[in-house]
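Here's the structure we're looking at; comments come further down.
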Amino acid sequence: MAATMFESRPIPGPQLRRVGGYRGYLRAFEREPLAYVKETFQAYGAVSGLVAGDTRLIFALGSAGNERLRADPRLFGPPAPETRSAGLTSTTIARLAAWSRTREHDQELARAWRAELANPAASPAYQHLVVETAERVAERWGLGQQLDLLYVSRRLHLRILFKALLGIDPTNEPGATLLDQWTNVLACRQPGWLARLTELAQRRTDRLFEQVVLARMGQAPQSDSAFPGDFLSRLEGENDAERHASDREARIKQVAGLVHQAETILTSALVWTIVLLAQHQRVLSDVRAELDAVEADHQVSTGHSFVAAERLPLLERVIKESLRLLPPLSLGLRQMAAPADILDYALPPQAAVLYSPYLTHQLSGLFVAPRRFRPERWLYIEPTADEYLPLGLADDSVLDLPFVMLHTKLVLALWLQHARLVLAPSTRIDYRLQPLLLPQNAVPMIVAPRDRPQRLRPVRGSITTLVDFEG
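The sequence shown maps to residues 168 to 638 in the working numbering.
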């Protein structure tokens, strides 16, 4: 699609330079997407183009931009497959477009998934499963042991999701092999020629997942299951008797995509919260004191009980602040379905519109000292849905924010009672967007006694450009 110019009120932005041209600005955005949108907002305000007057890629930033996009989801829908052919060849843009298109294609399935998780009858059983699984993981830790927090978190969440929504037991075959293969593929994302090996491993995992899910869909609902309604069995029951095998394979791919996206969201929330707590020992001590007080009141216990989450307001503020500072969905993408305006700038159909929860959460007018980890701010602020959106706009996430909050709170409450996780010496933490915000590599942490203060080790890596750890 050719660029469209408006003479009456052109879109603001940097002037097109001869060297590199439009693709040069795309490359600059690709190198540091979060820094780029922040600089763009500071230079040009809430609405701007990648290039001045060009409407192929528009930045709609801040709470005002979020409000406009949220007001009319039909007008600002997921990007079409033609987005890449419009000259938007940035890897980040392509990943965001793929994520949004997946959300559109899978919205019905995702809503069914959210309904399953939100089922009041299933909630205690799900909390029980989360706590039991988190306890089993923590019981295997030994003092002084070094572990990869990213790997451990991913494996934990896959075990829970396999069991809760797919009815797959990850402790027995073939669920155990599927869990191993899936986690290893996620841990072995490599550039260059090693990417070919990862791709082959991914295909083997996909085939095994298809076999396991097909077997589960052919079974009757589990009568002894604590979860009312078997998600996979119900999906199969909704299918027509003459549904083609290709349709079933497509549905299985959708389910696999939902598992991956749910795992990624939960892992992002858990890992970043633990890293932030490890570097803010005063806050960590206060959280432990809250846990000890609730435990003494018999509201938090080990074994087969679950955490009385409503009795942990400080821990809830900690998670809210972590999601504000390092939102899982830091960038989002929409595409114009028809001619319209964004904050008085006219845009044509097919224009790609990028918004940023990360940028919104960094506005000092909304959050004082936005780069600092300050859970106490949630005692006196109540941001709107346009000001606080760690999971993006509606239907950009397969999980609801209350569910992510509760899940993360359950795991943290158990793990923080068990031990203190501290960063290993010389740890470097770089972040990446694929398209969710995650550590780029392993996050080595050491299991230390929970009640013994540890020497604070400085954080290195690109994460320091997002968080002020010295504050």
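All C-beta atoms, glycine included, are put in the ideal place defined by N, C-alpha and C.
Exercise. Could you check what DSSP says for residue 419 in three-state terms: helix, strand or coil?
Key: Secondary structure of residue 419 (DSSP, three-state): helix.
Quiz item: Does the separation of the CB atoms of residue 524 and residue 556 fall below 8 Å?
Solution: When the beta-carbon positions are compared, residue 524 and residue 556 come within less than 8 Å of each other.
Practice problem: Mind the definition here: the region 608-623 touches the region 492-508 only if three or more C-beta pairs lie below 8 Å; say whether that holds. | Solution: In short, these stretches do not touch, since the Cβ pair count stays below three.
Exercise. Please list, in chain order, all residues of the same chain as residue 510 whose beta carbon is under 8 Å from its beta carbon, the five residues on each side excluded.
Key: Within the same chain, residue 510 has close Cβ partners 213, 214, 227, 231, 232, 235.
Self-check item: Residue range of the unbroken alpha helix (DSSP H) whose run includes residue 320
Solution: Here the alpha helix (DSSP H) through residue 320 covers 316-333.
Self-check item: Supposed contact pair residue 586 and residue 242 - C-beta distance, whole angstroms, cut 8 Å
Solution: Between residue 586 and residue 242 the Cβ distance is about 50 Å, and since that is not below 8 Å, they are no contact.
Quiz prompt | Contact the region 455-462 vs the region 511-520: 3+ CB pairs below 8 Å | solution = Under the 8 Å Cβ criterion, the region 455-462 does not count as touching the region 511-520, having fewer than three qualifying pairs.
Self-check item: Nearest-angstrom beta carbon gap, residue 435 and residue 604 [assumed within contact, 8 Å]
Solution: Yes, residue 604 and residue 435 are in contact; Cβ-Cβ is about 6 Å, under 8 Å.
Quiz item: Just to confirm, are residue 614 and residue 590 a CB contact at a threshold of 8 Å?
Solution: Cβ atoms of residue 614 and residue 590: not closer than 8 Å.
Exercise. Measuring alpha carbon to alpha carbon, tell me which of 371, 425, 598 ends up nearest residue 278.
Key: Of the candidates 371, 425, 598, the one whose C-alpha sits nearest the C-alpha of residue 278 is 425.
Quiz item: Looking only at C-alpha atoms, which of 507, 530, 417, 348 sits nearest to residue 321?
Solution: The shortest C-alpha separation from residue 321 is found at 348.
Quiz item: Are three or more beta carbon pairs between the region 617-636 and the region 324-339 nearer than 8 Å?
Solution: Verdict: no, contact absent.
Practice problem: With a 10 Å radius around its C-beta and 16 neighbouring C-beta atoms as the bar for buried, classify residue 258 as buried or exposed. | Solution: Exposed is the call here.
Self-check item: Coarse secondary structure for residue 260, derived from DSSP in three states
Solution: DSSP places residue 260 in the helix class (H, G or I) of the three-state scheme.
Exercise. Decide if residue 209 is buried, meaning its Cβ has at least 16 other Cβ atoms within 10 Å, or exposed.
Key: Residue environment for residue 209: exposed (fewer than 16 other C-beta atoms within 10 angstroms of its C-beta).
Exercise. Take residue 177 and list the residues in its own chain whose beta-carbon comes closer than 8 Å to its own, dropping the five residues that flank it on each side.
Key: Counting only residues of its own chain and dropping the five nearest sequence neighbours on each side, residue 177 has a CB closer than 8 Å to the CB of 219, 220.
Self-check item: Same chain, Cβ closer than 7 Å to residue 482, five either side skipped, listed in chain order
Solution: Excluding residues within five positions, the ones whose Cβ falls inside 7 Å are 454, 457, 576, 579, 580.
Quiz prompt | Buried/exposed call for residue 360, threshold 16 Cβ in 10 Å | solution = Only weak support is given to the placement of residue 360: the predicted model assigns it a pLDDT of 43, under 50, and the value that follows is read from those uncertain coordinates. Exposure of residue 360 is indicated by the presence of fewer than 16 other C-beta atoms within 10 angstroms of its C-beta.
Quiz item: Does the beta-carbon distance from residue 546 to residue 634 come in below 8 Å?
Solution: At least 8 Å separates the beta-carbon of residue 546 from that of residue 634.
Quiz item: Taking the alpha carbon of residue 595 as the point to measure from, which residue in 572, 540, 628, 571 has its own alpha carbon closest?
Solution: Residue 595 has its Cα closest to that of 628, out of 572, 540, 628, 571.
Exercise. Report the rounded CA-to-CA distance for residue 351 versus residue 437, giving the unit in angstroms.
Key: Take the alpha-carbon of residue 351 and the one of residue 437: they are about 19 Å apart.
Quiz prompt | Sequence-distant residues of its chain with Cβ nearer than 7 Å to residue 537 (five each side left out) | solution = Leaving aside the five residues that flank residue 537 on each side, the residues in its chain whose CB is nearer than 7 Å to its CB run, in chain order, 528, 529, 530, 531.
Practice problem: Look up residue 237 in the DSSP assignment and say whether it is helix, strand or coil. | Solution: In the structure shown, residue 237 sits in a helix (DSSP, three-state: H, G or I).
Quiz item: In whole angstroms, what is the alpha-carbon distance linking residue 540 and residue 307?
Solution: In a straight line, the C-alpha of residue 540 is about 30 Å away from that of residue 307.
Quiz prompt | Where residue 606 falls: helix, strand or coil (DSSP) | solution = Residue 606: strand per DSSP, three-state reduction.
Exercise. Compute the beta-carbon to beta-carbon distance between residue 553 and residue 237, rounded to the nearest angstrom, for a pair I have assumed lies under 8 Å.
Key: Sure, about 6 Å apart at Cβ, within 8 Å.
Quiz prompt | For residue 309, three-class secondary structure by DSSP | solution = Residue state, collapsed to three classes: coil.
Quiz item: Which of helix, strand or coil does DSSP assign to residue 508?
Solution: In the structure shown, residue 508 sits in a strand (DSSP, three-state: E or B).
Self-check item: Rounded straight-line distance, which links the Cα of residue 379 to that of residue 342
Solution: Rounded to the nearest angstrom, the two C-alpha atoms are 8 Å apart.
Quiz item: What residue from 533, 314, 199, 573 has the CA that sits closest to residue 485's CA?
Solution: Comparing Cα-Cα distances from residue 485 to each of 533, 314, 199, 573, the minimum goes to 573.
Exercise. Please state if the CB of residue 296 and the CB of residue 325 are separated by a distance shorter than 8 Å.
Key: In this structure, residue 296 does not lie closer than 8 Å to residue 325 by Cβ.
Self-check item: Counterpart residues of residue 443 in DSSP-defined beta bridges
Solution: For residue 443, which the question treats as bridged, DSSP gives no partner whatsoever.
Quiz prompt | Own chain, CB closer than 7 Å to residue 507, minus 5 neighbours either side, in chain order | solution = Excluding positions up to five away in sequence, the list reads 242, 514.
Self-check item: Cβ neighbours of residue 240 in the same chain (closer than 7 Å, five flanking residues each side left out)
Solution: Hits under 7 Å: 561.
Quiz item: Is it the case that the Cβ atoms of residue 544 and residue 488 are separated by a distance below 8 Å?
Solution: Cβ distance < 8 Å, so residue 544 and residue 488 count as in contact.
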